[in-house]
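In the working numbering, the protein residues as written are 40 to 266.
Okay, structure coming up:
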């Protein structure tokens, strides 16, 4: 009986905390800069993968736990990837003519960050720090090859079969970042910057000894309505 009472009291406290906590839901968008951490041991590839810049959009929410502490889950659509480039030049009448090839790998992710948020400031403007885990799932991917002869020429796009055993659709990562928010009537504007460090390989092929992780930076801004 005593255990039942303790359980009921705990449930009542948790319920009242969420009922009386301030909740906000909003939209955000921004840039994703992927810095592929790759190990490539292929004789034909001499250059390391180059960074890849694209976009992110999503839904963000926030539940206040304390006056300066909150829980911030999000649902984001993020495009990540990397570039591999090989090329050289040849002399034509004293002019260096570039020739070569480039392949851009695009990976589309649905990602769920689960963040703790610590805020500091006044009622109008606050700075904040965020930290927490994130789970991503690759929905689709493709490779855009290009040939270079003075100018770049797009070649037919190649779809990637993510069900192949060398690909890992799930990405587990950690996020740390900081930002600013400003209250405006019933909502708030916010900007933030964060670093996303992947703990899992997107590609792992032991046959040709390739592994690629998609870590990088994100810069975003948005608006959230406070209930």
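Note that beta-carbon positions come from the ideal geometry of N, C-alpha and C, so glycine has one too.
Note that this is a predicted model, so its numbers are computed, not measured.
Here's the rule: buried if 16 or more other CB atoms are within 10 angstroms of the residue's CB, otherwise exposed. What is residue i?
| i | result |
| --- | --- |
| residue 169 | buried |
| residue 108 | exposed |
| residue 193 | exposed |
| residue 61 | exposed |
| residue 260 | exposed |
| residue 251 | buried |
| residue 191 | exposed |
| residue 99 | buried |
| residue 210 | buried |
| residue 235 | buried |
| residue 106 | exposed |
Cβ atoms of residue j and residue i: under 7 Å apart, would you say?
| i | j | result |
| --- | --- | --- |
| residue 264 | residue 213 | no |
| residue 182 | residue 140 | no |
| residue 179 | residue 152 | no |
| residue 207 | residue 164 | no |
| residue 111 | residue 158 | no |
| residue 241 | residue 222 | no |
| residue 113 | residue 63 | no |
| residue 258 | residue 115 | no |
Could you round the C-beta distance between residue i and residue j to whole angstroms and report it? I think they count as a contact, below 8 Å.
| i | j | result |
| --- | --- | --- |
| residue 68 | residue 96 | 5 Å |
| residue 94 | residue 118 | 6 Å |
| residue 120 | residue 145 | 5 Å |
| residue 256 | residue 232 | 7 Å |
| residue 175 | residue 150 | 4 Å |
| residue 90 | residue 104 | Residue 90 to residue 104, Cβ: 36 Å. No contact. |
Among the options, whose alpha-carbon lies nearest the alpha-carbon of residue i?
| i | options | result |
| --- | --- | --- |
| residue 166 | 114, 120, 71, 229 | 229 |
| residue 200 | 177, 210, 105 | 177 |
| residue 198 | 75, 92, 74, 147 | 147 |
| residue 220 | 122, 262, 185 | 262 |
| residue 184 | 74, 154, 122 | 122 |
Taking the beta strand (DSSP E) that residue i belongs to, which residues open and close that run?
| i | result |
| --- | --- |
| residue 231 | 226-237 |
| residue 199 | Taken as a continuous stretch (DSSP letters only), residue 199 belongs to no beta strand (DSSP E), as it is neither H nor E. |
| residue 93 | 91-105 |
| residue 222 | 209-223 |
Can you confirm whether residue i, when its beta carbon is compared against all beta carbons of chain D, has any partner nearer than 7 Å?
| i | result |
| --- | --- |
| residue 173 | Checking the listed chains, one finds no chain D in this structure; it contains a single protein chain. |
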